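Quick note on the working numbering: the sequence shown kicks off at -1 and runs consecutively.
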Amino acid sequence: MEGVGGPRDNGLKKLVQAAPQDFDTLVLPGSLLVEEMPTALPNREIYTDVLHKVHLDGRPMLLHLEFQKNSHTRMAERLLEYNVLASRQYKLPVLSCVIYISRVKVAKAPLISALPDGQEVLRFNFRVIKLWELSVDELLEAGHKGLYPLLPLTRNGKRPEVVETMITDLVASNNYELLAFAYLFSSLTFTDQDDQAWLKRRFAVFYDILEESWAYKEIAEKAREKGLEKGLEEGLEKGLEKGQQNGLIQALLAIVETRFPALLPQANAFVERVHDPSVLHHLIVRLTQAQNAEEARHSLSNGNAAS
C-alpha cells in the first residue's frame, strides 16, 4: 500500500504478526482468527498489508487491513480493488479496513458510484479507524495487550503516565516482545528532547531483555538496512544531481566497505587523488557490477589510470 514504509508502518505490520487476534477484534468484534493468509494478490504485483481468514458467527470470511500515514485521494478505490482480488482468489466475503496512524484527510466510507441520473450502481462498504480518535481507556479496558503498544498514538496517549501504565502491564504479563513494539512507537511519538531522554532512561532497564526479542532484532535490522540504503542513495543523489564530489566519494566508499572491505585502503587512496565526478560515477557503476574482489581491484586500478 502506498504511503507506508517507515519504521512506524513496518512496526505496525510486525505488531499484527505478534498479536493478530487482537487486531482482528479491534476491526471486527466477535471474529476469530483461523489463518494468516499470503499478502500477495493474484496476477499482478499487489500486496496487502494484512490478510486474515477469520470466522464470524461460525462462518469463514477474510479480514483485509491496510495501514496509512498519508492522505490518498483514491484510497477507497484501492481498497475496493484489493477486496475484489482477495474475494475472487479465495471465494470468500472480505471486509476491508484502513487504519490511519497520522492525522490526515481520511477515505470516506462507503464508496458510492452512480450514473449521471443518480442511479446507484456500486456501493462498497469498508471500515476506517483513526488511531488518534481511540481513547487510552478504551484500549486498556478492552484488555487486548497486543494493542497496548499503540497507546502513545491514541487520543491523549502522548503522556509519560500512559507509557508507565503500558510498561507496567506488559512487564507484569511477561510480554517482552510487545514491550519492544511499545518502545518503538513511544520513541516515534515523543519527539521533545527531554521526553526522549526520559524514555531512554525508562526503557534502559529492559535493554538486555529487549535485545533478545525477535521483534527488537527485526526492527533493528530493518532500521540498519534502511540507514545504509538511505545513506547510499543520498550520496549518489548529491553526486549525480548536484555535482558534489563528496556525495559520490561517500557512495563509492560505502559500496567498497559493504562488498569488498579488504579493498577499502585502495579505495581511500583512490578518492584522495581523484575528484572528477564523471570518473567517480563510472567507478561506482563498475564496483556495483563487480562479481568478486579481483574484478573490483581491477576497476580501482583502471580508475586510477583513467584519472
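The C-beta atom is built at its ideal place from N, Cα and C for all residues, glycine as well.
Since the structure is predicted, the reported quantities are computational estimates derived from the model, not experimental observations.
Beta-bridge pairing of residue i - partner residues as DSSP gives them
i	result
S85	DSSP output for S85 lists no bridge partner at all.
Y98	Q66, K128
M35	M35 pairs with nothing; no bridge assigned.
I44	L39
V92	L60
V52	L31, M59
L109	F122
Spatial distance of residue i from residue j (CA atoms)
i	j	result
E239	V254	Per-residue confidence for E239 stands at a pLDDT of 47, beneath the threshold of 50, marking its modelled position as unreliable; no derived number is given.
M(-1)	N68	Unreliable positioning characterises M(-1) in this predicted model, as indicated by a pLDDT of 48, which lies under 50. A coordinate reading is not provided.
S111	E79	14 Å
Y181	E159	14 Å
V2	M73	Unreliable positioning characterises V2 in this predicted model, as indicated by a pLDDT of 46, which lies under 50. A coordinate reading is not provided.
A195	I127	31 Å
G155	K12	21 Å
F122	E136	28 Å
F201	H296	49 Å
V119	L113	7 Å
L148	Q248	38 Å
N81	L39	10 Å
D274	A267	15 Å
I207	S171	14 Å
R157	S185	12 Å
H279	S299	15 Å
S321	V203	Residue 321 is absent from the structure shown; the chain starts at -1 and stops at 305.
G116	L109	14 Å
Y277	N244	Per the sequence presented here, residue 277 reads as Val, with Tyr not at that position. Going from the Cα of V277 to the Cα of N244 covers about 13 Å.
L49	R125	15 Å
S94	S100	19 Å
L234	L246	A caution first: L234 carries a pLDDT of 47, below 50, which makes its placement in the model unreliable, though a value can still be read off. Going by the C-alpha atoms only, they are around 6 Å apart.
L285	E64	39 Å
H70	Q191	32 Å
G301	A260	18 Å
A140	V14	17 Å
A252	E75	41 Å
F183	A265	40 Å
P36	R271	52 Å
V169	L262	45 Å
T23	L138	14 Å
L77	V269	50 Å
Y205	A107	43 Å
E292	T256	15 Å
L132	I44	30 Å
A294	Q287	9 Å
K198	T189	12 Å
A105	D193	33 Å
L83	P150	34 Å
Identity of the residue in the options nearest residue i by Cα
i	options	result
L177	K156, L186, T166	T166
Y174	S184, S297, E162, E210	E210
L306	V283, D55, K103, L149	Past the edges of the chain, shown from -1 to 305, lies residue 306, and the structure says nothing about it.
L250	I282, T256, T46, P259	I282
I329	N266, A291, L26	Here the chain comprises residues numbered -1 to 305, so residue 329 is not present and cannot be evaluated.
E34	T46, V269, S299, T163	T46
V102	Q117, Q66, S85	Q66
F258	V269, I247, S276, Q289	Q289
V52	S29, D190, P40, P108	S29
V161	V48, T187, L261, E64	T187
L129	V272, L168, K198, T152	T152
V134	R199, L77, M164	M164
L10	A105, F179, Q287, K106	F179
#### Entry: 4-residue-minimum alpha helix (DSSP H) runs that sit fully inside the segment 128 to 180, ordered along the chain
134 to 140, 158 to 170
### Message
Taking 8 Å as the cut-off, does the segment 81 to 91 touch the segment 47 to 60 (at least 3 CB pairs, one atom from each stretch)?
### Response
yes
### Task
For the segment 144 to 153 and the segment 15 to 32, state whether three or more C-beta atom pairs, one from each stretch, are separated by less than 8 Å.
yes
### Message
Quick check for students: name the residue ranges of the beta strand (DSSP E) that lie wholly in the segment 240 to 300, counting only runs of 3 or more.
### Response
none
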